[in-house]
Amino acid sequence: MAELGFPNRFQQWVLACVKTVSYSIIINGEPSEPFPAAKGLRQGDPMCPFLFAIAMEYLSRCLNGLKKERGFKYHLRCSKIGITHLSFADDLLLLGDVTSITHLLQCLNHFYGASGLRANQEKSSIFFGGVTHLASEEIVHKFGYPSGELPVKYLGVPLSTKKMSIAQWQPLIEKMVARISLWTGKKLSYAGRIYKVPKTIEAYCRSYVWSGENVITRRSLAAWDKICTPKSAGGLNIINLKVWNIAASTKNYWNLANKGDKMWIKWIHAYYIKGRQISDMPIPQQASWLVRKVVEARSLVEAIQIQTKNNRSIIRQIYYKLVGQLPRMDWKVFMFGNDARAKAKFTMWLYIQDRMMTSDRLARWGMQVDTKCVLCQSCDESRNHMFVECEFARSMWKRLLKWIQRRTFWATSWDQHWKWEIENAKGKSSRASVFKMVYAEAIHTIWNERNLRIFEKQSREAEELARNVACVCNVRATTQTRILMQQLRF
Ligand SMILES: [Zn+2]
Numbered sequence: 001m002a003e004l005g006f007p008n009r010f011q012q013w014v015l016a017c018v019k020t021v022s023y024s025i026i027i028n029g030e031p032s033e034p035f036p037a038a039k040g041l042r043q044g045d046p047m048c049p050f051l052f053a054i055a056m057e058y059l060s061r062c063l064n065g066l067k068k069e070r071g072f073k074y075h076l077r078c079s080k081i082g083i084t085h086l087s088f089a090d091d092l093l094l095l096g097d098v099t100s101i102t103h104l105l106q107c108l109n110h111f112y113g114a115s116g117l118r119a120n121q122e123k124s125s126i127f128f129g130g131v132t133h134l135a136s137e138e139i140v141h142k143f144g145y146p147s148g149e150l151p152v153k154y155l156g157v158p159l160s161t162k163k164m165s166i167a168q169w170q171p172l173i174e175k176m177v178a179r180i181s182l183w184t185g186k187k188l189s190y191a192g193r194i195y196k197v198p199k200t201i202e203a204y205c206r207s208y209v210w211s212g213e214n215v216i217t218r219r220s221l222a223a224w225d226k227i228c229t230p231k232s233a234g235g236l237n238i239i240n241l242k243v244w245n246i247a248a249s250t251k252n253y254w255n256l257a258n259k260g261d262k263m264w265i266k267w268i269h270a271y272y273i274k275g276r277q278i279s280d281m282p283i284p285q286q287a288s289w290l291v292r293k294v295v296e297a298r299s300l301v302e303a304i305q306i307q308t309k310n311n312r313s314i315i316r317q318i319y320y321k322l323v324g325q326l327p328r329m330d331w332k333v334f335m336f337g338n339d340a341r342a343k344a345k346f347t348m349w350l351y352i353q354d355r356m357m358t359s360d361r362l363a364r365w366g367m368q369v370d371t372k373c374v375l376c377q378s379c380d381e382s383r384n385h386m387f388v389e390c391e392f393a394r395s396m397w398k399r400l401l402k403w404i405q406r407r408t409f410w411a412t413s414w415d416q417h418w419k420w421e422i423e424n425a426k427g428k429s430s431r432a433s434v435f436k437m438v439y440a441e442a443i444h445t446i447w448n449e450r451n452l453r454i455f456e457k458q459s460r461e462a463e464e465l466a467r468n469v470a471c472v473c474n475v476r477a478t479t480q481t482r483i484l485m486q487q488l489r490f
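Going by the working numbering, 124 is the number at position 124 of the sequence shown; the sequence numbering is gapless.
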């Protein structure tokens with residue numbers, strides 16, 4: 001700190017903080033006798049990150065000083081912007097020519113002498129590029145650090161010079177599957193051949209949505225592409241990974257063209273762009289895969305007007321431009337601002353598109369099923385019957401509509417019924433919000449009742465189900481709808 005020019009008094013303060021503090025450890029839930037911090041700072045001390053930043057600044061300045069030293073040679077493609085090292089928190093990358101390793105290590109040793117901080121021999125490695133095997137072995141022998149292999153993980157991200165192979169991406173996929181396994185509570189198992197990374201991850205996500213399991217299955221009730229469209233277009237607004245990936249590399253290109261102050265951008269400018277126009281220069285073939293991908297993304301940027309003023313992230317802006325304007329569904333009103341439970345909304349989403357596994361559809365697929373409606377036992381089961389025409393559903397609707405003070409409306413056709421629903425759900429009023437929520441919860445409840453009757457041989461009355469819906473809605477109501485809900489008496 002003295003060398004960095006901190007005032008003496010300030011140094012005394014810091015030392016007092018470090019030396020006079022005492023620690024107490026929680027053992028079996030009880031704090032132990034406090035003991036003095038004889039050996040200085042401990043990990044987890046709130047002062048730690050600040051002092052560490054000061055120490056690293058000192059090292060950083062030492063390393064920058066190397067540039068002036070005779071005999072120091074930059075690493076390949078580092079001289080133009082003078083890179084000797086990259087550091088982030090306690091991760092440090094030292095870059096230099098083979099002949100300069102001695103200089104770099106001298107710096108580290110000097111830093112050790114001044115601060116007492118030493119690089120962890122076991123966690124450090126030397127990476128070679130374009131060095132003969134013999135020379136690299138000699139260096140490893142001389143300095144005692146093991147030699148490493150690319151890709152290496154730096155700041156949690158694999159670092160590689162080439163396009164990564166599927167095998168190298170495997171840890172990422174395993175992590176995703178582990179996350180899904182946490183949700184499903186099942187043991188890990190990896191199924192299916194791996195083709196492409198986003199495709200594989202998507203397959204796991206898709207299977208999880210439809211089967212709740214952590215293995216890839218083919219079962220699904222609606223196309224994944226459909227699910228990935230925005231809610232206004234009738235989807236569930238799940239991110240389409242492939243498109244998101246394109247949007248992310250396009251954002252990098254946008255940064256390259258617009259933000260000059262970042263180090264990686266300065267570097268690409270210094271070595272590949274060299275004062276040319278990025279928009280029409282040839283794609284540098286000798287550059288790494290990553291750099292080429294970023295420059296290739298330029299064709300998309302020109303077509304997209306990116307707004308920097310609003311708070312929307314740039315990737316998101318590009319993503320929605322790539323998704324494009326899809327036709328809006330009139331029933332989108334049911335999916336927005338609906339306080340119903342997510343599972344109820346999902347059931348309603350399938351219901352609206354007639355994607356439920358009702359007996360008429362199962363029979364159409366050639367399955368042997370009992371086609372009678374289990375709710376009324378008098379007609380064949382279909383979506384239109386079960387939720388609109390069925391006597392059981394009607395008595396439930398009647399009860400619920402009375403509760404939310406709406407006139408009962410008996411449609412003669414599905415289209416007529418549907419038009420009426422949308423009319424009621426339109427707009428931002430509390431009345432419309434309550435209607436939407438009740439609607440989704442009622443659909444979900446009817447569907448559950450149907451399944452209980454078929455698979456568990458249990459049945460409940462319409463009145464009881466309507467009461468359940470009212471209970472759930474009362475709990476789910478948000479501030480906007482609560483006032484209205486409190487006025488309603490079931
Ligand atoms: Zn029926």
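No residue lacks a Cβ here, since even glycine has one placed at the ideal position from N, Cα and C. Please read these numbers as outputs of a predicted model, since none were measured by experiment.
query, result
"6 angstroms Cβ shell around phenylalanine 127 - same chain, five flanking residues per side excluded", "Gly148"
"Extent of the continuous beta strand (DSSP E) to which valine 243 belongs", "Counting along the chain, valine 243 falls outside any beta strand (DSSP E), though it belongs to the alpha helix (DSSP H) covering 241 to 258."
"Check: histidine 417 C-beta below 7 angstroms from any heavy atom of ligand 1", "no"
"Supposed close pair threonine 358, serine 433 - CB separation, criterion 8 angstroms", "Contact flag wrong, Cβ pair sits at about 28 angstroms."
"Residue environment, tyrosine 204, which counts as buried when at least 16 other CB atoms sit within 10 Å", "buried"
"C-beta atoms of lysine 73 and aspartate 97 nearer than 8 angstroms", "yes"
"Range of the contiguous alpha helix (DSSP H) that encloses leucine 105", "101 to 115"
"Own chain, CB closer than 8 angstroms to glutamate 3, minus 5 neighbours either side, in chain order", "Tyr58 and Ala114"
"Limits of the unbroken beta strand (DSSP E) element including tyrosine 154", "152 to 154"
"Limits of the beta strand (DSSP E) - the one that proline 158 falls within", "157 to 159"
"DSSP-derived helix/strand/coil call for aspartate 225", "helix"
"Coil, strand or helix - phenylalanine 88 by DSSP", "strand"
"Stretch-stretch touch, CB-based, cutoff 8 angstroms, three pairs: the stretch 306 to 318 with the stretch 289 to 296", "no"
"Boundaries of the alpha helix (DSSP H) in which valine 438 is found, first to last residue", "430 to 451"
"Leucine 375 Cβ short of 7 angstroms to ligand 1 heavy atom set", "yes"
"Backbone CA spacing between threonine 478 and arginine 394 [nearest angstrom]", "28 angstroms"
"Cβ distance (whole Å) where leucine 66 is taken to contact histidine 103 below 8 angstroms", "6 angstroms"
"Spatial neighbours of tryptophan 403 in its chain, beta-carbon cut-off 7 angstroms, leaving aside the 5 residues before and after", "Ala470, Leu488 and Phe490"
"For aspartate 380: DSSP bridge partner residues", "Lys372"
"Contact with chain C by lysine 436, beta-carbon distance below 8 angstroms", "The question asks about chain C, but that chain is absent: this structure has only one protein chain."
"Residue closest to arginine 316, alpha-carbon to alpha-carbon, out of Asn245, Lys259 and Ala344", "Asn245"
"Nearest-angstrom Cα separation, counted from glycine 337 out to lysine 426", "11 angstroms"
"Rounded C-alpha distance that separates alanine 53 from serine 100", "26 angstroms"
"The stretch 248 to 257 contacting the stretch 310 to 326, beta-carbon criterion three pairs below 8 angstroms", "yes"
"Which of helix, strand or coil DSSP assigns to isoleucine 216", "coil"
"Distance, asparagine 258 Cα to isoleucine 265 Cα", "9 angstroms"
"Any non-hydrogen atom of ligand 1 within 7 angstroms of phenylalanine 387 CB", "no"
"Close Cβ partners of lysine 187 (< 8 angstroms) along its chain, the five nearest in sequence each way excluded", "Because the pLDDT of lysine 187 is 45, which lies under 50, any placement of that residue in the model is unreliable, and the number read from its coordinates should be weighed accordingly. Answer for lysine 187: Ser181, listed in chain order."
"Beta-carbon proximity check, serine 232 vs threonine 217, cutoff 8 angstroms", "no"
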